[in-house]
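Q:
2 protein chains.
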Amino acid sequence: MRDVVIIGVGMGSQWGRYDGSLVELMAESSLDAINDAGTDEIDAVFVANMGAGRINNQTALGSALIDYLNLFPAVGASIENGPASGGTAARIGYMAIASGIHDCVMVTGGEKMRVAPGPVVTDFIATMSHPEAEYIYGITFPSLGAMLARIYFKKYGVTSEDLARIAIKNHNNGLMNPYAHIQQKITLEGILTSREAKLNNPMIADPLHLYDMCPVTDGAASIIMCSLDKAKEFSENQQIKFSGTGQGMDTMAVHEREDPTFLRAVSDASDQAFTMAKLKKEDIDFAEVHNAFEILEIAELESAGFYERGTAHLAIREGETEINGRFPVNPSGGLKARGHPVGATGVAQLCELVWQLRGEAGERQIPNNPTHAYAVNFGGFGNNVVVTILSIV
Amino acid sequence: MRDVVIIGVGMGSQWGRYDGSLVELMAESSLDAINDAGTDEIDAVFVANMGAGRINNQTALGSALIDYLNLFPAVGASIENGPASGGTAARIGYMAIASGIHDCVMVTGGEKMRVAPGPVVTDFIATMSHPEAEYIYGITFPSLGAMLARIYFKKYGVTSEDLARIAIKNHNNGLMNPYAHIQQKITLEGILTSREAKLNNPMIADPLHLYDMCPVTDGAASIIMCSLDKAKEFSENQQIKFSGTGQGMDTMAVHEREDPTFLRAVSDASDQAFTMAKLKKEDIDFAEVHNAFEILEIAELESAGFYERGTAHLAIREGETEINGRFPVNPSGGLKARGHPVGATGVAQLCELVWQLRGEAGERQIPNNPTHAYAVNFGGFGNNVVVTILSIV
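Note that the protein sequences, when read in sequence, are chains A and B.
Per my numbering, the very first residue in the first sequence carries number 3; after that it's consecutive.
Per my numbering, the very first residue in the second sequence carries number 3; after that it's consecutive.
(1) Please confirm whether residue 204 of chain B has its beta-carbon closer than 7 Å to some beta-carbon of chain A.
(2) Tell me whether residue 36 of chain B sits in a helix, a strand or coil according to DSSP, three-state version.
(3) Rank B/369, B/171, B/359 by C-alpha distance to the C-alpha of residue 8 of chain B and give the top, closest one.
(4) So for residue 402 of chain A, helix, strand or coil by DSSP?
(5) Tell me, to the nearest whole angstrom, how far the beta carbon of residue 108 of chain A is from that of residue 44 of chain A; I am working on the premise that it is less than 8 Å.
(6) Distance cutoff 7 Å, beta carbons only. Does residue 142 of chain A sit that close to anything in chain B?
(7) Run down chain B in chain order and give the residues with a C-beta less than 7 Å from the C-beta of residue 185 of chain A.
(8) On the premise that residue 35 of chain A lies in contact with residue 2 of chain A, defined as a C-beta separation below 8 Å, what is that separation, rounded to the nearest angstrom?
(9) Using the C-alpha atoms, what's the distance from residue 242 of chain B back to residue 227 of chain B?
(10) Kindly indicate which residue of B/281, B/152, B/184 has the alpha-carbon position closest to the one of residue 262 of chain B.
(11) Helix, strand or coil for residue 270 of chain A? Go by DSSP, reduced to three states.
(12) I'd like the list of long-range same chain contacts for residue 259 of chain A, defined as Cβ closer than 8 Å, with 5 residues on each side in sequence excluded.
(13) Are the CB atoms of residue 341 of chain B and residue 247 of chain B within a distance shorter than 7 Å?
(14) If you check the beta carbons only, do residue 123 of chain B and residue 115 of chain B fall under 7 Å apart?
(15) Should residue 178 of chain B be flagged as near chain A, meaning a C-beta pair shorter than 7 Å?
(16) List the DSSP bridge partners of residue 295 of chain B.
(17) Relative to chain A, which residues along the region 129-160 of chain B have a C-beta separation below 8 Å, given in chain order?
(18) Just mark residue 47 of chain B as buried or exposed, buried being the case when its beta carbon has 16 or more other beta carbons within 10 Å.
(19) Which word fits residue 201 of chain A, buried or exposed, when buried means at least 16 other C-beta atoms lie within 10 angstroms of its C-beta?
(20) Have a look at residue 25 of chain B and residue 82 of chain B and give me their C-alpha separation to the nearest angstrom.
(21) Taking the alpha-carbon positions, what's the residue 401 of chain B to residue 203 of chain B distance?
(22) Looking only at its own chain, which residues have a Cβ that is under 7 Å from the Cβ of residue 135 of chain A, when we skip the five neighbours before and after it?
(23) Are the region 381-392 of chain B and the region 267-283 of chain B touching, with three or more C-beta to C-beta distances below 8 Å?
(24) Going along the chain, which unbroken runs of the beta strand (DSSP E) with 3 or more residues stay wholly within the region 143-216 of chain B?
(25) Show which residues of chain A have a CB atom less than 7 Å away from the CB atom of residue 53 of chain B.
(26) Starting from residue 25 of chain B, find everything on chain A with Cβ-Cβ shorter than 8 Å and list it in chain order.
(27) What residues from the region 341-362 of chain B come within 7 Å of chain A, judged by C-beta to C-beta, listed N to C?
(28) Closer than 7 Å, Cβ to any Cβ of chain B: which residues of the region 264-289 of chain A, in chain order?
(29) Does DSSP put residue 240 of chain B in a helix, a strand or coil?
(30) If you draw a straight line from the C-alpha of residue 268 of chain B to the C-alpha of residue 150 of chain B, how long is it?
(31) Where residue 323 of chain A and residue 239 of chain A are concerned, what is the direct C-alpha to C-alpha distance, given to the nearest angstrom?
(32) Report all residues from its chain with a CB closer than 6 Å to the CB of residue 296 of chain A; omit the five preceding and five following residues, and keep chain order.
(33) Does the separation of the CB atoms of residue 348 of chain A and residue 89 of chain A fall below 7 Å?
(34) Do you know whose CA, among B/199, B/21, B/131, lies nearest residue 66 of chain A's CA?
(35) Strictly by DSSP, which residues pair up with residue 376 of chain A?
(36) With distance defined between alpha-carbon atoms, name the residue in B/339, B/370, B/156, B/332 nearest to residue 352 of chain B.
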């Protein structure tokens, strides 16, 4: 099994609404990663995408991206695993290289969602819920997020103020991230405690307000990976090692879980990745977590083992997860501020990890030269989760 | 890089129209493969599917299938590569095992297409054509098949009778395949030369008649793969070695190819697979080729190098590709008779290869104990092609 490193990353232009085609969107981030790596000798392209067949009338995106960028003879395919598509595609990219089949692989995640009306997007997201036990009854993902928050509020004393605090932190980080969709400073007063807060931050799925959840975003992100033994042939860039990968599962229907606040898939995927990387939780310097809903930032940090269960919100109150805190979380702004184009998110998380590990994150750079970084990419409502650990070589 | 073998295969019940859900359809073939292998200790499930998000309102099929069959802690994802999704998923399954990440992988391809009206299916298939140069102008895949046939007719003297002869051979083979959708004996008189032929076999896209193309089919197929070194721990079955895999590409838009009768992607993918397997064309005992249109059976055999260009139809006239001929092609009946549920086809090809290599193909068994077998799975209109070579261990 060969070691694998990331030699290039890219995210195109600021995420938000993209007027070109999905392939053009993905081509932008791909070219950024190619320019960053300094090579286009790519053997294979794995495209992470969830909804193009349904909302963009397009399939076979691997072929389309290779054709558009004239990357022949690179071969391609698409990987779909709900919002964990990006992390899954990177994991498959890892397998492709470690197996010896390919030497250099590009993984590009992309989603162009804003072309569809809101209810169509909500329905498209719901297609990954349980087909007979959830989808046909009209479940939506905001409603699942709200149910999880209710249990958390009751069981552990988490409050709406805690969720708002996470949103404020992520918006602050997003303001320092040129790719972030949401570039807006928010305050506790503005979204929760003032008279205008109810207008600014309406209730969407009780107890979740608008600012407790991520926006609908168009965006793409790319990484270029190669075998460690051939990295010098491809790129002069600092190599970032793909040191751990894990994938965990849970029941598809959320109501079948004994305790929905424990995200078994996050726990299992993390354990696998830590074992492979030969690292402990304490070795990780910062994390990108999949906060499609801010309550997930809490639940994932606990289920991954970074905090005891029921305590992450207390650490967050103390500012531990701020960029200058003891354990920075979502320095990119996370899904809340960077946005959540579902197929792109898992790849964008890895871009942020690489920039931070290289010391290239500009204003939002985590201090003290981080060495090991963690990303969790959450598929379904936590039924299929991919964890990646990257390290300085 | 570990060697990989197939230890179980399954195709559920006869293909055609399936009244249950897509997950139930895929569960049937998966259970058959699990029963055949005699193990359910599966680490990962890769689902090959093209259209569920669009026509079945379902995504994240890997999660859904694992949940339905309670295969936890197996992890899963979906692979989409147009009609080459099945072969691509098997290739990724190979990488997963060869890399050492997983020991035992199930690949299940499935498609439930007949739920959609004909024009919706034709449109769904066309979503894999070039988005700006083909799709938006209303191109359909039967029209691309017809254009290829016209060039072949003019350049090499292939005739409608040659295409009919291939269909008759494939229908004959399908009659001996209990999984084949189309179980119907046809004759040259009935589909081409009699007065009734025009009614029986109408022109669809000149010069292609109804019987020159595959039907629209619901179906699923599964294989279980594991590392050679651990195969005995998983199964008592005869091991069939995954001896070669290749993937080739061509321009997405067919009009950009200098000579559309030369399928560059088939040629490249074949060359890679033969190199990896350390075999020559003459070593192959039989082939399953991707005859979504019968003209492709000719073109693929030539581009793969089994016949000189412009000569395959002459060999077919001599009966060489019949089950008892010198080089049997599509003993299963191929896409023409078995049917073509797009995500399932590439996996079903490998099922047929395994049954034939094991000597378990019943009435349609190829004589003289075949040792090496070839399958070509054709994505897009030949822009993304996967070739697999399987061998007796």
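Think of the CB as a built atom: it goes at the ideal place given N, C-alpha and C, for glycine as much as any other residue.
Here the structure is a predicted model, which means the values were calculated and not measured.
A: Concretely, from the data shown:
(1) Put simply, the CB of residue 204 of chain B is far from chain A, with every gap to its CB atoms at 7 Å or more.
(2) In this structure, residue 36 of chain B counts as helix in the three-state DSSP scheme.
(3) Between residue 8 of chain B and the set B/369, B/171, B/359, the nearest pair of CA atoms involves B/359.
(4) Since the first and last residues shown for chain A are 3 and 395, residue 402 of chain A lies out of range.
(5) About 5 Å separates the two Cβ atoms, so the contact holds.
(6) No - not a single Cβ of chain B is within 7 Å of the one on residue 142 of chain A.
(7) None at all; the shortest Cβ gap to chain B is about 30 Å.
(8) Past the edges of chain A, shown from 3 to 395, lies residue 2 of chain A, and the structure says nothing about it.
(9) In a straight line, the C-alpha of residue 227 of chain B is about 9 Å away from that of residue 242 of chain B.
(10) Across the set B/281, B/152, B/184, the C-alpha of B/152 shows the shortest separation from the C-alpha of residue 262 of chain B.
(11) It is helical.
(12) Answer for residue 259 of chain A: 252, 253, 266, listed in chain order.
(13) No, the Cβ-Cβ distance between residue 247 of chain B and residue 341 of chain B is not below 7 Å.
(14) A contact, by the Cβ cut-off of 7 Å.
(15) No, residue 178 of chain B does not count as interfacial toward chain A.
(16) Note: residue 295 of chain B sits in a beta bridge opposite B/215.
(17) Flagged, chain order: 129, 130, 132, 133, 134, 137.
(18) The residue in question, residue 47 of chain B, is buried, as its Cβ has 16 or more Cβ neighbours within 10 Å.
(19) Burial call: exposed.
(20) Counting only the Cα atoms, residue 82 of chain B lies some 16 Å from residue 25 of chain B.
(21) Because residue 401 of chain B is not part of the residues shown, which for chain B are 3 to 395, the question remains open.
(22) Excluding sequence neighbours, residue 135 of chain A sits near 255.
(23) Taking 8 Å as the limit for Cβ pairs, the verdict is that the region 267-283 of chain B does touch the region 381-392 of chain B.
(24) Within the region 143-216 of chain B, the complete beta strand (DSSP E) runs of at least 3 residues are 205-207.
(25) Ordered by position in chain A, the residues that pass the 7 Å Cβ test against residue 53 of chain B are 55.
(26) In chain order: 133.
(27) From the region 341-362 of chain B, no residue has a Cβ closer than 7 Å to chain A.
(28) Within the region 264-289 of chain A, the qualifying residues are 270.
(29) Of the three classes helix, strand and coil, the one that applies to residue 240 of chain B here is coil, per DSSP.
(30) Going from the Cα of residue 268 of chain B to the Cα of residue 150 of chain B covers about 15 Å.
(31) Separation of residue 323 of chain A and residue 239 of chain A (C-alpha to C-alpha, rounded to the nearest whole angstrom) is 29 Å.
(32) By the criterion of a C-beta distance shorter than 6 Å, residue 296 of chain A is surrounded in its chain by 165, 168, 169, 214, once the five residues flanking it on both sides are discounted.
(33) The Cβ-Cβ distance between residue 348 of chain A and residue 89 of chain A falls below 7 Å.
(34) Comparing alpha carbon positions, the residue from B/199, B/21, B/131 closest to residue 66 of chain A is B/131.
(35) Secondary-structure assignment with DSSP links residue 376 of chain A through a beta bridge to A/289, A/391.
(36) Taking each of B/339, B/370, B/156, B/332 in turn and checking the Cα distance to residue 352 of chain B, the smallest one comes out for B/332.
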